[in-house]
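Notes follow once the structure below has been shown.
Here it is as structure tokens:
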């Protein structure tokens, strides 16, 4: 097959091993390629337990390659002796790891549950919508992959994304929607939700004809796509929501998690393969960022577009730390267990000042002049190297 | 402090309350800081220095030095809580663990994993209580997660003394004529 | 990462709420005067935050005093101007 250049839209693990990569080609085509990709992760702990783990892994059907190694854990002095575990099956690695962690919960694990896009970014420098050159054989197996631009380019050439938006005519929590509105490049299509078979037939035709790269929805995660999938099953007319015919969709269950003293609820998510689904009502920063912001976020964090749109900036920063650690051959611990250093209550008051913002003098003022700084906070952050991951001096003022 | 009398003995005490008895724990921190160093492990990001400072100020003008005797660290995951207790040296400084179970109730951590970690934490709490008073406050899990109740029960069973503080119910207003409404 | 201290506005509102019973027991005219005092303190919240005092109420009281003194100075100036106009 001829060499390809284009934009990397999506990549994910294949059930048979290796990865699937989707490229938006310069030729206008959407190309699905395969790439061999091994996953490496590590275990550390008392020798006896590592030996037991070795024996357990030797008997495991996945037959991972095992070896001893010495690696750097940034929270420990010197090098850490680890058991290195490698497998060619990226799809089954998470399950292998979960089983290991259950059997040997006392061991420390590293690089064990990292997103595939972050691993790929660390190894090849790829990122969502990276301009890439790919050489593949007739079976579409990639033999060479090169990234042609940088995630930090200020004005990268825009990928010619095909975007289809879908929304019900009202909020399903307030009233039963009657119409589904699809929009693409300024044209709108209205489908009645009452007539289910015609709805499905028309949607299938639209998806097949437009073959969108992006599905932007309202209530897509929590109502629309689950409803459409249920209708598709009932009428035996499944919708080709994912572009990959071999995969369905990925369901992420709803749940709540504890973060800095708050319980935060996260609705269920429907993620696609070979295509990106973003539900504007379930995307954390969507109101502020919109699609351009989500794409920029995905570029620099390395998170898949569908994930980058849904998570907080903090998760994006953690992802960047992970890829930096991987590139520098530093172990990424599985569990966040490095604790805060104790500080005194007196220090807490002294150092938690924040910035000083003058309050306006209330009243009616005349002859007012205004000085505005362009991108003041970002400029200060860049100039003074202020960022969550910047190392701090031992004591303020030193 | 009605329930606890100072000075405290070297033992593990557990206080259970709907909101993890935070005001009481802060008051205890203030009282202990008057006479010596203490450690605070904040499990639910509940420590508020202002009430502590007000309380200290009622007893002494040496506010800053008293506050400097409170050594505070926060745990944002149960793994951090576990690691912090494991690394804590056993000395004479009292330990207050505020809302210890907050991170153990995290839905994203399996119940058996939370139990395993808590068992380790209890071992260290008991170790630390050999040389200093250890007071732990906790709240019951939220209603949709009854399976997590076992964590609270395990903690209570491990303690030398356990208090359960109930929420005050709203007082019944008498009717005008003294008759039942 | 994560809140370490309540914001100065939260601390201010807590202090104000702590005086709710005192305020309730005042006559109406006195309540309005007390509200003015708290409003005066509110004008200097950012300075109170910057002061990072362990007892923010002391900073609020100083802010109230500051505003009162500014009013005294203003009245003094006005009085001097009026005197000057009368004597002219």
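Chains as they are written, first to last, in the numbering used here: chain Z, -9 to 388; chain H, -9 to 171; chain P, 23 to 110. Ideal Cβ positions, reconstructed from N, Cα and C, are used throughout, including at glycine.
Distance, residue j Cα to residue i Cα
i, j, result
"residue 11 of chain Z", "residue 381 of chain Z", "36 Å"
"residue 256 of chain Z", "residue 47 of chain H", "43 Å"
"residue 351 of chain Z", "residue 358 of chain Z", "13 Å"
"residue 6 of chain Z", "residue 263 of chain Z", "16 Å"
"residue 46 of chain Z", "residue 97 of chain H", "29 Å"
"residue 171 of chain H", "residue 155 of chain H", "Its pLDDT being 48, under 50, residue 171 of chain H is placed unreliably by the model, and the measurement read from it follows with that caveat. Spanning the two alpha carbons is a distance of roughly 30 Å."
"residue 21 of chain H", "residue 48 of chain P", "33 Å"
"residue 45 of chain P", "residue 103 of chain P", "37 Å"
"residue -8 of chain Z", "residue 225 of chain Z", "41 Å"
"residue 9 of chain H", "residue 329 of chain Z", "24 Å"
"residue 371 of chain Z", "residue 143 of chain Z", "19 Å"
"residue 50 of chain H", "residue 356 of chain Z", "50 Å"
"residue 135 of chain Z", "residue 317 of chain Z", "17 Å"
"residue 375 of chain Z", "residue 315 of chain Z", "19 Å"
"residue 164 of chain Z", "residue 271 of chain Z", "14 Å"
"residue 101 of chain H", "residue 90 of chain H", "16 Å"
"residue 123 of chain H", "residue 53 of chain H", "23 Å"
"residue 8 of chain Z", "residue 168 of chain Z", "43 Å"
"residue 215 of chain Z", "residue 232 of chain Z", "11 Å"
"residue 106 of chain P", "residue 96 of chain P", "15 Å"
"residue 341 of chain Z", "residue 348 of chain Z", "19 Å"
"residue 66 of chain Z", "residue 121 of chain Z", "38 Å"
"residue 4 of chain Z", "residue 81 of chain Z", "6 Å"
"residue 304 of chain Z", "residue 104 of chain Z", "16 Å"
Coarse secondary structure for residue i, derived from DSSP in three states
i, result
"residue 326 of chain Z", "coil"
"residue -8 of chain H", "Any reading at residue -8 of chain H must be qualified, since the residue scores a pLDDT of 48, below 50, and its modelled position is unreliable; the value itself is stated next. Residue state, collapsed to three classes: coil."
"residue 303 of chain Z", "helix"
"residue 255 of chain Z", "strand"
"residue 242 of chain Z", "strand"
"residue 331 of chain Z", "coil"
"residue 77 of chain Z", "strand"
"residue 32 of chain Z", "strand"
"residue 24 of chain Z", "strand"
"residue 75 of chain P", "coil"
"residue 382 of chain Z", "coil"
"residue 11 of chain H", "coil"
"residue 100 of chain H", "coil"
"residue 151 of chain H", "strand"
"residue 92 of chain P", "helix"
"residue 171 of chain H", "Reliability fails at residue 171 of chain H, whose pLDDT of 48 lies under 50, so the model's placement of it is uncertain and the value that follows must be treated cautiously. Note: residue 171 of chain H maps to coil in three-state DSSP."
"residue 61 of chain Z", "strand"
"residue 347 of chain Z", "coil"
"residue 110 of chain P", "coil"
"residue 203 of chain Z", "coil"
"residue 194 of chain Z", "helix"
Residues that DSSP places opposite residue i in a beta bridge
i, result
"residue 122 of chain Z", "Z:-4, Z:137"
"residue 158 of chain Z", "Z:170"
"residue 16 of chain Z", "Answer is none; residue 16 of chain Z lacks a bridge partner."
"residue 128 of chain H", "H:6"
"residue 30 of chain H", "H:62, H:86"
"residue 178 of chain Z", "Z:173"
"residue 111 of chain H", "BP columns for residue 111 of chain H are empty, so no partner."
Proximal residues to residue i (C-beta, below 7 Å), its chain only, five neighbours per side dropped
i, result
"residue 261 of chain Z", "239, 240, 242, 267, 296"
"residue 194 of chain Z", "227, 229, 230"
"residue 31 of chain P", "67"
"residue 192 of chain Z", "181"
Beta-carbon proximity of residue i to residue j, cut-off 8 Å
i, j, result
"residue 124 of chain Z", "residue 13 of chain Z", "yes"
"residue 156 of chain Z", "residue 186 of chain Z", "no"
"residue 307 of chain Z", "residue 64 of chain Z", "no"
"residue 234 of chain Z", "residue 22 of chain Z", "yes"
"residue 33 of chain H", "residue 7 of chain H", "no"
"residue 151 of chain Z", "residue 98 of chain Z", "no"
"residue 327 of chain Z", "residue 379 of chain Z", "no"
"residue 88 of chain H", "residue 334 of chain Z", "no"
"residue 138 of chain Z", "residue 289 of chain Z", "no"
"residue 121 of chain H", "residue 92 of chain H", "no"
Close-in-space but distant-in-sequence residues of the same chain around residue i (CB under 6 Å, 5 per side omitted)
i, result
"residue 292 of chain Z", "107, 108, 111, 117, 309, 313"
"residue 72 of chain P", "none"
"residue 244 of chain Z", "257, 258"
"residue 42 of chain H", "16, 19, 20"
"residue 115 of chain P", "Outside the shown range of chain P (23 to 110) lies residue 115 of chain P, about which nothing can therefore be said."
Closer than 8 Å to chain C by CB, residue i
i, result
"residue 12 of chain H", "Absent from the structure: chain C. Protein chains present are Z, H and P."
Residue i CB to nearest heavy atom of the ligand GDP below 7 Å
i, result
"residue 351 of chain Z", "Among the components modelled here there is no ligand, and therefore nothing to report on the ligand GDP."
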